[in-house]
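Asks: Questions regarding the structure given below will be posed in turn.
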Amino acid sequence: MHEILLVCLGLILSVSFLVVVANKLKIAYPIFLVIAGLACSFIPGIPNIHIDPNLVFLVILPPILYDAAQNTSWKALWKWRRIITVMALGYVLLTATAVAIVSHLLIPGFSLAQGFLLGAIISPPDAAAATSVLRFIKMPKGIVAILEGESLLNDASSLTIFRFALAAIISSNFAWYNAAGGFLMVTFSGIAIGLVLGLIFYAIYRWLPTNSNLDIAFSLVLPYIIYIIAEELHSSGVLAVVSGGLFISYRNHFVLTHSSRLKSNAVWPSLVFIINAVIFFLIGLQVTEIVAGLKDVSLANALKIALIITAVVIIIRLFAGLFSAWFTRFISQYITVAQSRPGWRNPLIVSWTGMRGVVSLASALSIPLLLNNQPFPHRNLILFITFVVIIVTLVGQGLTLPMIVRWLKPEPLSEDKTDDQQVLEIEIALLERAVEELGENYPLDLKNNPLLQNKLDLLKNKLKLYSESCYNEPQKKVVKKMITRFRSIVSAIIEQQRAELHQFRTKDKFDDDIIRQVENRLDLEEEGLQGELD
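Just so you know, we're using our numbering here: the sequence shown kicks off at 1 and counts up by one.
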């Protein structure tokens with residue numbers, strides 16, 4: 001037990017330090033961690049750490065999916081629903097089919113069913129990799145929304161294809177037309193299970209006397225419960241977690257207190273970061289074990305096959321992206337689409353953002369060791385191909401994506417307002433509502449309470465500044481400069497207040513819990529400064 005604990009602590013500390021280095025170098029941490037894991041795997045004395053696929057599917061995947069669903073925009077999902085559906089389902093099916101055909105022709109004795117199994121494994125891009133890479137790149141929000149929506153849903157389609165392809169290999173009485181019906185059943189039942197369980201937890205949040213700590217505890221348990229129940233009912237645990245997470249995220253404004261939301265925003269990002277960081281580092285460490293498993297084929301031949309299939313995966317996604325752009329332009333003559341003229345630059349960027357990750361490796365590792373008491377055919381080769389696809393797409397495409405974006409210069413996908421304009425108009429509306437509420441409903445309090453009068457003066461001054469700068473670019477720059485200076489001064493004042501507060505820790509008549517309450521109030525006040533107009 002002590003050894004396991006020390007290994008876990010060592011992993012967390014190691015990846016945390018490596019992420020600091022990655023941030024310093026401005027490299028997305030999944031890419032840097034995989035490279036670091038690869039490098040560490042060749043150091044003598046480093047133990048082989050095997051990734052258990054059950055650990056990934058049961059422990060790691062549910063919270064990652066739930067967190068992604070919580071941070072996904074319903075509006076963006078609906079607006080880009082057609083292209084997201086095509087990418088999450090169509091691209092996966094197209095990639096799996098292309099890989100199945102190529103691998104069947106390329107590898108002696110490799111059946112089409114095994115090809116579809118391999119295609120399902122390496123077809124879905126990784127959500128964590130895409131999101132972390134995009135943090136360092138300035139791209140239109142529409143492209144980011146499409147990529148995040150795709151990453152949220154494509155795991156479900158690929159894992160479902162994987163399930164049926166594995167059944168085709170194991171069973172001699174398998175029919176593909178039955179698989180199509182089963183695919184639809186698994187999809188719709190997964191969504192239904194997630195919504196039902198999400199509704200149950202919504203009722204718990206809404207009508208039972210919970211507090212912020214209980215709310216966080218429920219949110220940590222919820223994705224696991226949804227996933228396990230869906231899988232036990234032979235449905236899609238991935239789709240269940242996604243649909244349940246989306247439902248809760250849409251309703252949490254009505255059921256969670258401000259304290260619950262603040263704590264959740266602190267707990268969940270840290271939890272998901274640790275999970276993602278550790279698993280990407282472990283991916284790199286797998287290289288020696290995976291290469292050692294190659295016995296029926298030489299390393300050079302296996303590498304050649306893997307690189308050809310990797311090229312097929314990349315080319316198919318590029319082709320599909322450009323074809324989708326052409327088809328969107330064609331079909332826009334007959335139906336209303338979110339963007340009638342996508343051009344070729346944005347689709348090319350979206351197509352290049354196809355990094356594979358942990359779900360692909362976990363799927364490959366979950367292939368059974370034996371089939372009818374014999375070694376599963378080509379299992380080690382499938383695992384090696386998967387590993388090469390992950391490394392090439394994650395490191396190669398991930399590192400070159402910033403250069404591609406700078407070269408192509410993507411354009412906004414719609415005529416939506418800029419982030420600054422949206423924030424400004426919302427702030428003006430909220431300030432107008434606050435000034436109206438104070439003036440109309442609390443006139444007597446305003447006369448007798450100088451604090452409220454000061455609050456009203458502050459609101460009026462902010463409203464005046466924001467309104468004057470709303471459609472005036474020169475004035476907007478002046479206001480931004482004033483707000484920046486305001487933040488700087490208030491932050492300096494709060495820092496001095498903290499120093500003064502610290503003096504009370506040495507005084508016997510002031511309790512630490514009271515001092516922590518005041519410190520928390522100062523922290524929230526400083527955090528609130530970030531909500532000012534950027």
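Cβ coordinates follow ideal geometry from the N, Cα and C atoms, glycine included.
1) Going by alpha carbons, who is nearest to Ile216 out of Gly181, Leu271 and Ala230?
2) Of the residues Pro402, Leu246 and Ile335, which one's Cα is nearest the Cα of Thr72?
3) Measure the CB-CB distance between Arg406 and Gly354 and report whether it falls below 8 Å.
4) Starting from the Cα of Val241, find the closest Cα among Val20, Ser111, Pro125 and Phe201 and give me that residue.
5) For Ser260 versus Ser212, is the C-beta distance shorter than 8 Å?
6) For Leu431 and Lys75, what's the separation of their Cα atoms in angstroms?
7) Can you list, in chain order, the residues of its chain whose CB lies under 6 Å from that of Pro342, leaving out five sequence neighbours each side?
8) Relative to the C-alpha of Leu112, which candidate in Tyr442, Ile169, Gly45 and Phe280 has its C-alpha closest?
9) For Glu419 and Ile426, what's the separation of their Cα atoms in angstroms?
10) For the alpha helix (DSSP H) holding Asn568, just list the boundary residues, first then last.
11) From this set, Val19, Ile4 and Leu458, which residue's C-alpha is nearest Ile274's C-alpha?
12) If we count Cβ pairs, one from each stretch, closer than 8 Å, do we get three or more for the region 120-135 versus the region 388-398?
13) Going along the chain, which residues of its own chain have a beta-carbon closer than 8 Å to the beta-carbon of Arg498, five neighbours each way excluded?
14) When you compare each of Leu147, Gly181, Lys455 and Leu371 to Ser351 by their alpha carbons, which one comes out closest?
15) Among Ile315, Phe254 and Tyr205, which has the Cα closest to the Cα of Ala98?
16) Entirely within the region 161-217 and at least 4 residues each: give me those alpha helix (DSSP H) ranges in chain order.
17) Is Ile382 closer than 8 Å to Leu106 when the C-beta atoms are compared?
18) Quick check on Asn276: buried or exposed, where buried means 16 or more other Cβ atoms within 10 Å of its Cβ?
19) DSSP has Pro108 in a bridge; who is on the other side?
20) Excluding the 5 residues flanking Ser366 on each side, which residues of the same chain have their C-beta closer than 6 Å to its C-beta?
21) Identify the continuous alpha helix (DSSP H) that holds Ile426 and give its terminal residues.
22) Could you tell me which of Phe384, Ile283, Leu361 and Lys138 sits nearest to Asn48, measuring between CA atoms?
23) Which residue marks the beginning of the alpha helix (DSSP H) containing Thr72, and which one marks its end?
24) Can you check DSSP and say which residues form a bridge with Gln374?
Replies: Let me spell this out:
1) By 1-based counting over the sequence shown, the position of residue 216 is 216. Closest by C-alpha distance to Ile216, out of Gly181, Leu271 and Ala230, is Leu271.
2) Your numbering for residue 72 matches position 72 in the sequence shown. Comparing Cα positions, the closest option is Leu246.
3) Here residue 406 refers to the residue found at position 406 of the sequence shown. Here residue 354 refers to the residue found at position 354 of the sequence shown. Contact annotation: Arg406 and Gly354 have beta-carbon atoms that are not nearer than 8 Å.
4) The residue you call residue 241 lines up with position 241 of the sequence shown. For the residues Val20, Ser111, Pro125 and Phe201, the minimum Cα distance to Val241 belongs to Phe201.
5) Stepping through the sequence shown from its first residue, residue 260 is reached at position 260. Stepping through the sequence shown from its first residue, residue 212 is reached at position 212. Taking C-beta atoms as the reference points, Ser260 and Ser212 count as a pair closer than 8 Å.
6) Here residue 431 corresponds to residue number 431 of the sequence shown, with the count starting at 1. Here residue 75 corresponds to residue number 75 of the sequence shown, with the count starting at 1. Rounded to the nearest angstrom, the two C-alpha atoms are 25 Å apart.
7) Locating residue 342 in the sequence shown gives position 342, counting from the first residue. Setting aside the 5 residues that flank it on each side, Pro342 is surrounded in the same chain by Ala325 and Thr328, each with a C-beta closer than 6 Å to its C-beta; the list follows chain order.
8) Taking the first residue of the sequence shown as 1, we reach residue 112 at position 112. Checked all of Tyr442, Ile169, Gly45 and Phe280; the closest Cα to Leu112 is Ile169.
9) Working through the sequence shown from its first residue, we reach residue 419 at position 419. Working through the sequence shown from its first residue, we reach residue 426 at position 426. In the sequence under discussion, the amino acid at residue 419 is Asp, which differs from the Glu named in the question. Asp419 and Ile426: Cα-Cα distance of roughly 11 Å.
10) The first residue shown for the chain is 1 and the last is 534, placing residue 568 beyond what the model contains.
11) For this step, residue 274 is matched to residue 274 along the sequence shown. Ranking Val19, Ile4 and Leu458 by Cα distance to Ile274 puts Val19 first.
12) As far as the Cβ criterion goes, the region 120-135 touches the region 388-398, which means the pair count is three or higher.
13) Reading the sequence shown from its first residue, position 498 is the one you call residue 498. Once the five neighbours on either side are set aside, the close Cβ partners of Arg498 are Glu519 and Leu522.
14) Taking the sequence shown and counting its residues from 1, the one referred to as residue 351 is at position 351. Selected option, being the one with the closest Cα: Leu147.
15) Position 98 of the sequence shown, counted from the start, is the residue given in the question as residue 98. Taking Ala98 as reference, the option from Ile315, Phe254 and Tyr205 with the minimal CA-CA separation is Ile315.
16) As far as the region 161-217 is concerned, its whole alpha helix (DSSP H) runs of at least 4 residues are 176-207.
17) The count along the sequence shown starts at 1 and reaches residue 106 at position 106. The count along the sequence shown starts at 1 and reaches residue 382 at position 382. No, Cβ-Cβ distance for Leu106 and Ile382 is not below 8 Å.
18) One-based indexing of the sequence shown puts residue 276 at position 276. Buried, since its Cβ has 16 or more Cβ neighbours within 10 Å.
19) For the purposes of this step, residue 108 is taken as the residue at position 108 of the sequence shown. Answer is none; Pro108 lacks a bridge partner.
20) One-based indexing of the sequence shown puts residue 366 at position 366. Excluding sequence neighbours, Ser366 sits near Pro53.
21) As a first step, residue 426 must be located in the sequence shown, where it is residue number 426. Per DSSP, the continuous alpha helix (DSSP H) segment holding Ile426 begins and ends at Asp419 to Asn441.
22) On the sequence shown, position 48 is the one that residue 48 refers to. Looking at the Cα atoms, Ile283 is the closest of the given residues.
23) One-based indexing of the sequence shown puts residue 72 at position 72. Unbroken run through Thr72: none, as it is neither H nor E.
24) Stepping through the sequence shown from its first residue, residue 374 is reached at position 374. In the DSSP output, where bridge partners are listed per residue, Gln374 has Leu371.
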